[in-house]
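A short write-up of the structure that comes next.
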Amino acid sequence: MKELITRPDANLGEDWMFLVFLFSFATLAYTRANYPLRISRLWNSIWNVRILRQAIREEPNTPRANLLFNVSFYLLVSLIIYLGLKWYGLHPWGTTGIVTYLLLLGCVLLAYAIKAAGIRAVQYLGDNDFGLSEYEYNVFLINRGMGLALLPTAALLAYLPKNTIYPLMILAGILYAFMMLYRMGRGLINASQQGVPLFYIFFYICTLEILPIVVCAKALSQ
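The sequence shown finishes on residue 400 if you use my numbering, and the numbering steps up by one all the way, no holes.
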C-alpha cells in the first residue's frame with residue numbers, strides 16, 4: 179500500500195471510506211424521498227435571513243433529516259482533512275488509516291462542542307440571548323449546506339489520481355473559508371442589530387470562532 183500511494187497516478191481512497199460516502203448518499207436519498215422540499219429550503223435559508231427565521235419558528239425540534247445532514251457534514255469535513263494530511267504525507271499522533279480519521283472526527287466534534295458551550299456561556303454571563311439562538315441554528319444550517327457541497331468534492335479527492343487533485347484541495351479550502359466568513363459576518367450583523375455591547379461581540383468572536391480552531395490546530399500539532 180505504501181508503494182502504491184507513492185505513485186503519482188495512485189489515489190488516496192481507502193476501503194473504509196466507502197462507508198462514509200454510502201452514509202452521505204443514503205442521507206441525500208432519504209431526504210429527497212421523505213422531505214422533498216428540505217434541500218431547496220435549506221439553500222434558501224442560508225442566503226435569505228427572512229426564510230431562516232421562518233425556518234427557526236417552524237422547526238423548534240430538529241427533524242431527522244437535519245440530524246442526518248449534520249452527521250454527514252462531520253464525516254465529510256473530517257474525511258477531507260484526512261485526505262489533505264495524507265496527500266501531504268503528514269501523520270498526526272503517529273497514527274494512520276481509519277484511526278487517524280476517527281481522531282480527526284473527534285477533533286471536529288470537539289470544536290463544535292466548544293462552540294455550543296461558548297454560546298451557553300455568553301448567554302449565561304450576559305443574562306440575555308443576544309441573538310445567539312439564531313446564530314446557533316445558523317451554524318448547523320450552514321454546516322448542512324456545506325455537507326452537500328463537500329460530498330462530490332470529497333469523492334473526487336479520494337478517487338482521482340493524487341497528482342491531479344491539488345486544485346480540488348484549494349477549492350475545498352476556499353469553500354470552507356468562505357462559508358465560515360459568511361457565517362461569522364451574518365452573526366456579527368445580527369449581534370449589532372440586537373444591540374449587543376462590543377465586549378460581548380469580542381467575547382463571541384474569541385470563544386465561538388477562534389477558540390475551536392485553535393484547539394483543533396493544537397490537537398493536530400501534537
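Positions of the beta carbon are idealized from the N, C-alpha and C atoms, including for glycine.
Can you give me the C-alpha to C-alpha distance between Tyr213 and Phe203, rounded to a whole angstrom?
Cα-Cα distance, rounded: 15 Å.
Does the distance from the C-beta atom of Ala336 to that of Glu192 stay below 9 Å?
For Ala336 and Glu192, yes; Cβs fall inside 9 Å.
Return the CA-CA distance between Glu181 and Ile388, expressed in angstroms with no decimal places.
For Glu181, the predicted model reports a pLDDT of 43, less than 50, meaning its position is unreliable; a value from the coordinates is still stated below. If you take the alpha carbons of Glu181 and Ile388, they lie about 39 Å apart.
Would you mind giving the Cβ-Cβ distance between Tyr260 and Thr278, rounded to the nearest angstrom? I have them listed as a contact below 8 Å.
Going by Cβ atoms, the distance from Tyr260 to Thr278 rounds to 6 Å, so yes, they are a contact pair.
Measuring alpha carbon to alpha carbon, tell me which of Phe247, Leu281, Leu246 ends up nearest Leu263.
Minimum Cα distance to Leu263 is reached at Leu281.
Please identify the residue among Tyr360, Met358, Gly275, Pro375 whose C-alpha is closest to the C-alpha of Asp305.
Among Tyr360, Met358, Gly275, Pro375, the Cα nearest to that of Asp305 belongs to Pro375.
When the Cα atoms are used, what is the spatial distance from Leu287 to Leu246?
The straight-line gap from Cα to Cα measures roughly 15 Å.
What is the rounded straight-line gap between the Cα of Phe381 and the Cα of Ile276?
The alpha-carbon atoms of Phe381 and Ile276 are separated by roughly 36 Å.
Mapping DSSP to helix, strand and coil, what is Ala295?
Ala295: helix per DSSP, three-state reduction.
Hey, out of Arg322, Thr342, Leu346, whose CA is closest to Ala332's CA?
Closest by alpha carbon: Leu346.
Where do the N-terminal and C-terminal ends of the alpha helix (DSSP H) with Leu349 fall, by residue?
Segment 344-371, the alpha helix (DSSP H) holding Leu349.
Within its chain, find whatever has a CB closer than 6 Å to the CB of Ala365; leave out the 5 residues flanking it on each side and keep chain order.
Going by the sequence as given, residue 365 is Gly instead of Ala. These residues qualify, in order along the chain: Tyr313.
Output the boundary residues of the alpha helix (DSSP H) element that contains Ala333.
Counting along the chain, the alpha helix (DSSP H) containing Ala333 begins and ends at 310-337.
For Phe318, I'd like the list of residues in its chain whose CB is within less than 7 Å of its CB, leaving aside the five on either flank, ordered along the chain.
Closer than 7 Å at Cβ, skipping near neighbours: Asn248.
Could you compute how far the alpha carbon of Asn368 sits from the alpha carbon of Asn189?
Near 44 Å, if we compare the C-alpha coordinates of Asn189 and Asn368.
For Gly323, does the count of other Cβ atoms within 10 angstroms reach 16, so buried, or fall short, so exposed?
Counting Cβ neighbours within 10 Å, Gly323 comes out buried, since at least 16 surround it.
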